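Residue numbering for the sequence shown follows numbering that gives the first Met the number 0, starting at 0 and increasing by one per position. Presented below is the structure to which this report refers.
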Amino acid sequence: MAGIVDELKDSFRSGDMLTRLIYINVGVFLLVNIIMVFGFFANSDWSIVSWFTVPAAPGRLILQPWGLITYMFLHEGFFHLLFNMVWLYFGGKIFLEYLNPKKLLSVYLLGGLAGAALYILAYNLFPVFANELAYSQALGASAAVLAILIAIATFVPDYTVRLFLIGTVKLKHIAIFSVVLDLLSIPQGNAGGHIAHLGGALFGFLYARQLQKGSNLAVGFEKLLDRFFSLFKPKPKMRTAYKAKTRTEQEFHERKASEKATLDKILDKISASGYDSLTKAEKEFLFKMNND
Numbered sequence: 000m001a002g003i004v005d006e007l008k009d010s011f012r013s014g015d016m017l018t019r020l021i022y023i024n025v026g027v028f029l030l031v032n033i034i035m036v037f038g039f040f041a042n043s044d045w046s047i048v049s050w051f052t053v054p055a056a057p058g059r060l061i062l063q064p065w066g067l068i069t070y071m072f073l074h075e076g077f078f079h080l081l082f083n084m085v086w087l088y089f090g091g092k093i094f095l096e097y098l099n100p101k102k103l104l105s106v107y108l109l110g111g112l113a114g115a116a117l118y119i120l121a122y123n124l125f126p127v128f129a130n131e132l133a134y135s136q137a138l139g140a141s142a143a144v145l146a147i148l149i150a151i152a153t154f155v156p157d158y159t160v161r162l163f164l165i166g167t168v169k170l171k172h173i174a175i176f177s178v179v180l181d182l183l184s185i186p187q188g189n190a191g192g193h194i195a196h197l198g199g200a201l202f203g204f205l206y207a208r209q210l211q212k213g214s215n216l217a218v219g220f221e222k223l224l225d226r227f228f229s230l231f232k233p234k235p236k237m238r239t240a241y242k243a244k245t246r247t248e249q250e251f252h253e254r255k256a257s258e259k260a261t262l263d264k265i266l267d268k269i270s271a272s273g274y275d276s277l278t279k280a281e282k283e284f285l286f287k288m289n290n291d
């Protein structure tokens, strides 16, 4: 058992951000269900799920604000988890072909927050939810996962994939189908979940559109994440170093302006003709800029 645990730890540490997100979701699912098993044998309700969901009622939300983050790592059952992890892997792998792991984490978390925000807003705004407001709560990674899928489908809409029994499909068509399906499913049940999905999808779309224009909606959030993760990094030993002579401020700004102009041209070309129309040099430049 110790060997298996060590292997999992090593896999988590050496894995990319997509692997880590999947591990966290699976780990939380196992932990919650193990606690429920102990509760069953003790003839007691030890379920802790409700403490980590996001409630729609403002009064309950104030008492558990952490639910805005924790809800997007919880799942109701195995198939709920499996479906979300398959979609996360599918969308995340394509996402990481063009954008860096930091952006993947930012879109996951901010997409989840956007889904929670739209869910809470809808349940407090529309009278149809008045009878459910007091006890309604949301959980699941779907809003965060859909944010990633819609973001990359917006960024490279003509990217093609082969689906079993369907054939070759463009990513933008998968994204449109997913959004329309959620929209039409709202009156059929689990309205809060479908509304949250749409909130995540909306963030993913806006994020990618701004990225194509050379603006990163999540830049402030990414800096916050950097500060947070730096708290857990060991501090390097102090040593004497001699800095090389830096460029002048004017040269720096000129280089940045030139890079931005080149990036704008490439993003315009992607919007007009798709990613596959780029030259090898343009693809290499885009990859370098997204990983700086």
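Backbone N, C-alpha and C define an ideal beta-carbon position, used for all residues, glycine too. Please read these numbers as outputs of a predicted model, since none were measured by experiment.
query: Looking at L117: is its Cβ nearer than 8 Å to the Cβ of G198?; result: yes
query: What residue ranges within the stretch 124-205 form continuous beta strand (DSSP E) runs of no fewer than 3 residues, ordered along the chain?; result: 159-162 and 166-169
query: Could you tell me which residues DSSP pairs with V53 in its beta bridges?; result: A137
query: Measuring straight from C-alpha to C-alpha, what distance separates I61 and T52?; result: 13 Å
query: Determine the direct distance from the alpha carbon of V106 to that of T239, and round the result to whole angstroms.; result: With a pLDDT of only 47 at T239, under the threshold of 50, the placement of this residue in the model should not be trusted, and no figure is reported.
query: With burial defined as no fewer than 16 other Cβ atoms inside 10 Å of the residue's Cβ, what is the status of T278: buried or exposed?; result: exposed
query: By the three-class DSSP mapping on this structure, what secondary structure does K282 have?; result: helix
query: Where G273 and V155 are concerned, what is the direct C-alpha to C-alpha distance, given to the nearest angstrom?; result: 6 Å
query: Using a Cβ-Cβ cutoff of less than 8 Å, which residues in the same chain neighbour F286 once the five nearest sequence positions on both sides are dropped?; result: Y97
query: So the candidates are G191, W50 and F37; which of them puts its Cα closest to the Cα of Y302?; result: The first residue shown for the chain is 0 and the last is 291, placing residue 302 beyond what the model contains.
query: DSSP three-state label for G273, please.; result: coil
query: Could you check the C-alpha separation between E250 and E258 for me, to the nearest Å?; result: 12 Å
query: Determine the DSSP secondary structure at P64, reduced to helix, strand or coil.; result: coil
query: Would you identify the three-state DSSP class for H79, choosing helix, strand or coil?; result: helix
query: Go to I33, then tell me how far its alpha helix (DSSP H) extends in each direction, as first and last residue.; result: M16 to F40
query: With 16 as the cutoff for other CB atoms within 10 Å, does G299 come out buried or exposed?; result: Outside the shown range of the chain, which is 0 to 291, sits residue 299, and nothing can be said about it.
query: Among I185, A260, A55 and G111, which one has its Cα closest to the Cα of I68?; result: G111
query: Please go through the same chain and pick out, in chain order, the residues whose beta-carbon is closer than 8 Å to the beta-carbon of E281, but skip the five residues on each side of it.; result: I265 and K268
query: Hey, A143 and G114: beta-carbon distance below 8 Å or not?; result: yes
query: Let me know if N83 comes out buried or exposed under the rule of 16 or more other beta-carbons within 10 Å of its beta-carbon.; result: buried
query: If distances are taken between C-alpha atoms only, which option among D15, L230, F220 and G90 comes closest to A146?; result: G90
query: Can you tell me whether K313 is buried or exposed? The criterion is at least 16 other CB atoms within 10 Å of its CB, across all chains shown.; result: Past the boundaries of the shown model lies residue 313; the chain is included only from 0 to 291, so the question cannot be answered.
query: When the Cα atoms are used, what is the spatial distance from Y158 to R59?; result: 43 Å
query: Quick one: what's got a C-beta closer than 8 Å to F284's C-beta in the same chain, skipping five residues either side?; result: T261, L262 and I265
query: Looking only at its chain, what residues have a beta carbon closer than 6 Å to the beta carbon of L80, apart from the 5 residues adjacent to it on each side?; result: F28 and H74
query: Are the CB atoms of Q63 and P54 within a distance shorter than 8 Å?; result: yes
query: Could you pull out every residue in the same chain whose Cβ sits closer than 6 Å to the Cβ of A133, ignoring the five residues on either side in sequence?; result: A56
query: Within 10 Å of its beta-carbon, does N24 have 16 or more other beta-carbons around it, so buried, or fewer, so exposed?; result: buried
query: Could you tell me if Q209 is buried or exposed, where buried requires 16 or more neighbouring beta carbons within 10 angstroms of its beta carbon?; result: exposed
query: I'd like to know whether the C-beta atoms of V48 and V36 end up nearer to each other than 8 Å.; result: no
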